[in-house]
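Below is one structure, written out as structure tokens; comments come after it.
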Amino acid sequence: QKEVEQNSGPLSVPEGAIASLNCTYSDRVSQSFFWYRQYSGKSPELIMSIYSNGDKEDGRFTAQLNKASQYVSLLIRDSQPSDSATYLCAVYNNNDMRFGAGTRLTVKP
Amino acid sequence: EAQVTQNPRYLITVTGKKLTVTCSQNMNHEYMSWYRQDPGLGLRQIYYSMNVEVTDKGDVPEGYKVSRKEKRNFPLILESPSPNQTSLYFCASSPTGPSYEQYFGPGTRLTVT
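Going down the list, the sequences are from chains A and B. Following the working numbering, the numbering of the first sequence begins with 1 at its first residue and continues without gaps. Following the working numbering, the numbering of the second sequence begins with 110 at its first residue and continues without gaps.
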């Protein structure tokens, strides 16, 4: 069974801190990796996608991928209360799309 | 406005009464997909479609049917709903496939009593 695992949280950080969200996956040949943000009662929206090993930065967000360790992470710098949401990790391979259950992040003012 | 729409947004029904949840996108996307979201289980894929008349099962297809007769529409059909299909359902679309960004509809909250 292909799985995507995330710590459900809640993860609580103070405003301005770095939030670190982690995800592991079981399918070694996974090709594409995504982080979606989902506000309470809303639909998921894409924050970052990453396809190769290393770091990818977009504004305050950095995605990190380590295929050898089957690990993908999301760092949020200078966290804001508006970042409070559930973050979903998604892993894709060969028409098979898998989501983790999500990590709930709370940023306290 | 580019969007994915779903109807209805909320539905309460009884066991065994056939229902259809509609999904439509105006972005000319080839790929469309249905997911259900349950607490602690995350999003699980029900069915997906790579293009018109091309559909395939996802992770949890039992009890569901889909069709893709037009590029913009991808309805989800529950022929005989059961209480274990009570869930939050999302339709999503993508230009060419799930290896790129998926755009999600607003969700349909279904309760089967």
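Cβ coordinates follow ideal geometry from the N, Cα and C atoms, glycine included.
By the neighbour-count criterion, in which 16 or more other beta carbons inside 10 Å mark a residue as buried, A/ARG37 falls on the buried side. Legend: CB atoms of the stretch 149 to 181 of chain B lying less than 9 Å from CB atoms of chain A belong to residues GLY149, LEU150, GLY151, LEU152, ARG153, GLN154, TYR157, MET159, ASP165, GLY167 and ASP168. At a cut-off of 8 Å between C-beta atoms, B/SER208 counts as an interface residue with respect to chain A. DSSP lists A/ALA19 and A/PHE61 as the beta-bridge partner residues of A/ILE76. With fewer than 16 neighbouring CB atoms inside 10 Å of its own CB, A/ARG28 falls in the exposed class. Per the C-alpha coordinates, the member of B/VAL113, B/ARG218, B/GLU179 and B/TRP143 positioned closest to B/SER196 is B/ARG218. Within 10 angstroms of the beta-carbon of A/TYR51 lie fewer than 16 other beta-carbons, which makes it exposed.
Of the other Cβ atoms in all chains shown, fewer than 16 fall within 10 Å of the Cβ of A/ASP78; this residue is therefore exposed. Put simply, the CB of B/PRO215 is near chain A, with a gap under 8 Å to one of its CB atoms. For A/ALA68, no beta strand (DSSP E) segment is defined, and its DSSP state is neither H nor E.
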